[in-house]
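Engineer:
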Amino acid sequence: MADVTIPLARPWITEREHELVREVLDSGILSLGPMLRRFEEAFAEWNGTRHAVACSSGTTGLHLACITSGFGPGDEVVTSPFSFVASANAIRYTGATVVFADVDPDTLNLDPARVEEAVTERTRGLLPVHIFGYPADMDPLMDTARRHELAVVEDACEAIGASYRGRRIGTFGNPAMYGFYPNKQMATGEGGILVTDDDDLAAQWHSLLNQGRSDSGEWLEHARLGYNYRMSDVAAAIGLAQLERIDEILERRAAAAARYDRLLAGIDGIRLPYRGEHERSWFVYWVQVEDGIDRNAVMAALGERGIQSKPYLPSIHLQPAYRELGFGEGMFPNAERLSRQCLAIPFHTMIEEADQQRVAESLAEVLAAAAVPAG
Ligand SMILES: Cc1ncc(COP(=O)(O)O)c(C=O)c1O
21 MADVTIPLAR PWITEREHEL VREVLDSGIL SLGPMLRRFE EAFAEWNGTR
71 HAVACSSGTT GLHLACITSG FGPGDEVVTS PFSFVASANA IRYTGATVVF
121 ADVDPDTLNL DPARVEEAVT ERTRGLLPVH IFGYPADMDP LMDTARRHEL
171 AVVEDACEAI GASYRGRRIG TFGNPAMYGF YPNKQMATGE GGILVTDDDD
221 LAAQWHSLLN QGRSDSGEWL EHARLGYNYR MSDVAAAIGL AQLERIDEIL
271 ERRAAAAARY DRLLAGIDGI RLPYRGEHER SWFVYWVQVE DGIDRNAVMA
321 ALGERGIQSK PYLPSIHLQP AYRELGFGEG MFPNAERLSR QCLAIPFHTM
371 IEEADQQRVA ESLAEVLAAA AVPAG
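The opening residue of the sequence shown carries number 21 in the numbering used here; numbering runs sequentially from there.
Structure, rendered in structure tokens:
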């Protein structure tokens with residue numbers, strides 16, 4: 021494989037991040053300090069929710085939301101097999117059973133009809149994922165949740181700023197989790213943030229992520245079984261700097277996606293990202309190869325040209341950690357097909373048009389040569 025000359029993802033770091041990180045370092049308060057509170061308050065205001073509670077990662081925040089939704093042993097929670105493994109793992113951490121429902125082949129999100137079929141008398145909740153930044157179909161999912169009295173946790177890790185029927189995700193009354201890993205639209209290194217309008221829920225999350233400390237403020241009193249899922253003030257400083265530019269970040273990514281749409285239009289053998297009625301927040305840009313084209317061979321040939329790509333995303337139920345629970349091939353055909361055929365190509369906030377052009381030209385060449393039988 022050639023050296024990577026066009027990377028898949030890269031965070032956008034400016035002098036403002038340095039300035040705010042220096043402010044934290046100079047203050048000497050590296051944890052539970054004023055920067056963390058500033059970041060949480062600024063995020064809540066931007067998101068339009070009463071509270072935003074910062075955590076150490078997207079995964080840990082999802083775990084907290086699953087705990088406070090009451091998921092536990094004997095419960096079933098329905099989620100998507102076409103996601104990053106953490107969304108299902110968060111359910112398993114509580115002792116609840118993961119139940120997958122297949123996805124819609126266009127939106128790549130949970131198919132509400134399959135979700136309805138998956139509900140049993142043991143179902144306690146739904147965990148829709150707004151995959152690749154496109155909102156899950158919340159109206160029918162919320163309808164199912166209401167009829168069966170289910171808690172809903174939204175995995176919005178890839179979808180900051182997306183909206184469903186003009187309404188920003190994370191404002192549907194459910195706990196919703198955003199992720200800030202460096203490949204995300206907004207990055208803090210490791211980190212994420214939970215949002216809610218519910219004062220009591222926010223207080224529970226603040227306690228749970230801080231070793232279950234009691235609301236009395238007594239440092240060595242632990243009211244409940246807690247965790248250390250805190251975000252450091254250094255990470256919060258990076259987050260605040262990024263949040264100040266979030267609208268610009270989202271606009272630049274949307275513009276880069278539109279450029280790819282244009283550059284890749286007319287190339288045979290691939291399908292471009294779905295453009296539906298809801299507003300996507302551009303997390304990744306991916307293409308889906310058509311039947312008969314070997315996605316892995318395409319990725320290898322791009323790699324030879326110094327262009328990084330990733331098989332986004334492997335189906336969760338086919339991971340060894342899920343096969344051992346009895347899952348296997350053929351259970352969720354739409355997810356499995358997407359997992360065989362989709363690849364993410366270089367995409368980030370500051371990607372240059374010249375690099376996108378090179379990716380498009382390389383992809384066209386590789387696909388033209390790809391009369392390769394599927395492996
Ligand atoms: C859909 C989804 N859920 C959960 C996570 C977990 O987030 P983190 O890596 O911050 O723990 C990620 C990202 O990595 C994700 O893409």
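From the three backbone atoms N, C-alpha and C, an ideal C-beta is built for every residue, glycine too.
Does DSSP put Asp-163 in a helix, in a strand, or in coil?
Structural biologist: Stepping through the sequence shown from its first residue, residue 163 is reached at position 143. Of the three classes helix, strand and coil, the one that applies to Asp-163 here is helix, per DSSP.
Engineer: Taking the C-alpha atoms as reference points, what is the distance between Leu-228 and Leu-245?
Structural biologist: As a first step, residue 228 is located in the sequence shown; it is residue number 208 there, counting from the start. As a first step, residue 245 is located in the sequence shown; it is residue number 225 there, counting from the start. Each residue's alpha carbon lies about 7 Å from the other.
Engineer: Work out the CA separation of Arg-185 and Leu-387 for me, nearest whole Å.
Structural biologist: Locating residue 387 in the sequence shown gives position 367, counting from the first residue. Locating residue 185 in the sequence shown gives position 165, counting from the first residue. Their backbone Cα atoms lie some 36 Å apart in a straight line.
Engineer: Sorry if obvious, but does the Cβ on Tyr-280 come closer than 7 Å to a heavy atom of ligand 1?
Structural biologist: Here residue 280 refers to the residue found at position 260 of the sequence shown. No, the beta carbon of Tyr-280 sits no closer than 7 Å to any heavy atom of ligand 1.
Engineer: Report yes or no: do the region 104-115 and the region 268-285 share at least 3 C-beta pairs separated by less than 8 Å?
Structural biologist: Touching, no.
Engineer: Among all the DSSP beta bridges, which residues are the ones paired with Ser-107?
Structural biologist: Translated into the one-based positions of the sequence shown, residue 107 becomes position 87. Ser-107 pairs with nothing; no bridge assigned.
Engineer: Check for me: the alpha helix (DSSP H) holding Tyr-342 runs from which residue to which?
Structural biologist: Numbered from its first residue, the sequence shown carries residue 342 at position 322. Per DSSP, Tyr-342 belongs to the alpha helix (DSSP H) from 340-343.
Engineer: Verify the contact flag: Cys-86, CB atom, against every heavy atom of ligand 1, threshold strictly below 7 Å.
Structural biologist: Translated into positions along the sequence shown, residue 86 becomes position 66. No, ligand 1 has no heavy atom inside 7 Å of this Cβ.
Engineer: Where do the N-terminal and C-terminal ends of the alpha helix (DSSP H) with Val-135 fall, by residue?
Structural biologist: Position 115 of the sequence shown, counting from 1, holds the residue named residue 135. Start and end: 132-138.
Engineer: Extract the residue ranges of the alpha helix (DSSP H) inside the region 272-348, only unbroken runs of 4 or more that lie entirely within it.
Structural biologist: If we require 4 residues or more, the alpha helix (DSSP H) runs fully inside the region 272-348 come out as 315-324, 340-343.
Engineer: Assign Ile-189 to one of three DSSP states: helix, strand, or coil.
Structural biologist: Translated into positions along the sequence shown, residue 189 becomes position 169. In the structure shown, Ile-189 sits in coil (DSSP, three-state: anything other than H, G, I, E or B).
Engineer: Excluding the five sequence neighbours on either side, which residues of its own chain have a C-beta within less than 6 Å of the C-beta of Ile-258, listed in chain order?
Structural biologist: Here residue 258 refers to the residue found at position 238 when the sequence shown is read from its first residue. The answer, listed in chain order, is Glu-37, Thr-208.
Engineer: Which two residues bound the contiguous beta strand (DSSP E) that contains Glu-96?
Structural biologist: Working through the sequence shown from its first residue, we reach residue 96 at position 76. That run of the beta strand (DSSP E) goes 96-99.
Engineer: So is the beta-carbon of Ala-207 under 7 Å away from any non-hydrogen atom of ligand 1?
Structural biologist: The residue you call residue 207 lines up with position 187 of the sequence shown. No, Cβ of Ala-207 sits at least 7 Å from all heavy atoms of ligand 1.
Engineer: What's the call for Gln-377, buried or exposed, on a 16-neighbour Cβ count within 10 Å?
Structural biologist: As a first step, residue 377 must be located in the sequence shown, where it is residue number 357. By the neighbour-count rule (16 or more Cβ atoms within 10 Å), Gln-377 is not buried but exposed.
Engineer: Go through the region 42-128 residue by residue and report every complete run of the alpha helix (DSSP H) that reaches 4 residues or more, in order.
Structural biologist: Within the region 42-128, the complete alpha helix (DSSP H) runs of at least 4 residues are 54-67, 78-88, 105-113.
Engineer: Please report the distance separating the alpha-carbon of Glu-65 from that of Leu-40.
Structural biologist: Start at 1 with the first residue of the sequence shown, and residue 65 comes out as number 45. Start at 1 with the first residue of the sequence shown, and residue 40 comes out as number 20. Their Cα atoms are separated by approximately 19 Å.
Engineer: Out of Leu-52, Pro-334, Glu-96, point me to the one whose CA is closest to Glu-141's CA.
Structural biologist: Taking the sequence shown and counting its residues from 1, the one referred to as residue 141 is at position 121. The residue with the shortest Cα to Cα distance from Glu-141 is Glu-96.
Engineer: Where does Val-135 land, buried or exposed, given buried means 16+ other C-beta within 10 angstroms?
Structural biologist: If you number the sequence shown from 1, residue 135 lands on position 115. Its Cβ being crowded by 16 or more others within 10 Å, Val-135 is buried.
Engineer: Per the DSSP calculation, Asp-175 is bridged to which residue(s)?
Structural biologist: The sequence position of residue 175 within the sequence shown is 155, counting from 1. DSSP output for Asp-175 lists Val-149, Met-197 as bridge partner(s).
Engineer: In three-state DSSP terms, what is Asn-230?
Structural biologist: The residue you call residue 230 lines up with position 210 of the sequence shown. Strand, per DSSP.
Engineer: What do you reckon, is the C-beta of Phe-120 under 7 Å from a heavy atom of ligand 1?
Structural biologist: Numbered from 1 along the sequence shown, position 100 holds the residue referred to as residue 120. The answer is no for Phe-120.
Engineer: Just to confirm, does Ala-106 get its C-beta within under 7 Å of one of the non-hydrogen atoms of ligand 1?
Structural biologist: Taking the sequence shown and counting its residues from 1, one reaches residue 106 at position 86. Ala-106 Cβ: within cutoff of ligand 1.
Engineer: Looking only at C-alpha atoms, which of Thr-191, Asn-203, Ala-176 sits nearest to Tyr-154?
Structural biologist: In the sequence shown, counting from the first residue as 1, residue 154 sits at position 134. Tyr-154 has its Cα closest to that of Ala-176, out of Thr-191, Asn-203, Ala-176.
Engineer: Who does Tyr-184 pair with in a DSSP beta bridge?
Structural biologist: Mapped onto the sequence shown, residue 184 falls at position 164. Its beta-bridge partners are Arg-187.
Engineer: Nearest to Ala-222 by alpha carbon, out of Arg-70, Phe-59, Thr-25, Arg-273?
Structural biologist: Within the sequence shown, residue 222 is the residue found at index 202, counting from 1. Residue Arg-70 is the option with its Cα nearest to Ala-222.
Engineer: By DSSP, does Val-24 sit in helix, in strand, or in coil?
Structural biologist: The residue you call residue 24 lines up with position 4 of the sequence shown. The answer is coil: DSSP assigns Val-24 none of H, G, I, E or B.
Engineer: How close, in whole Å, do the beta carbons of Gln-231 and Phe-303 come, if the pair is a contact with beta carbons under 8 Å?
Structural biologist: Stepping through the sequence shown from its first residue, residue 231 is reached at position 211. Stepping through the sequence shown from its first residue, residue 303 is reached at position 283. Wrong, their Cβ atoms sit about 32 Å apart, outside the cutoff.
Engineer: Apply the 10 Å Cβ neighbour rule to Asn-248 and answer buried if 16 or more other Cβ atoms are within range, or exposed otherwise.
Structural biologist: Translated into positions along the sequence shown, residue 248 becomes position 228. When all chains shown are included, Asn-248 counts as exposed.
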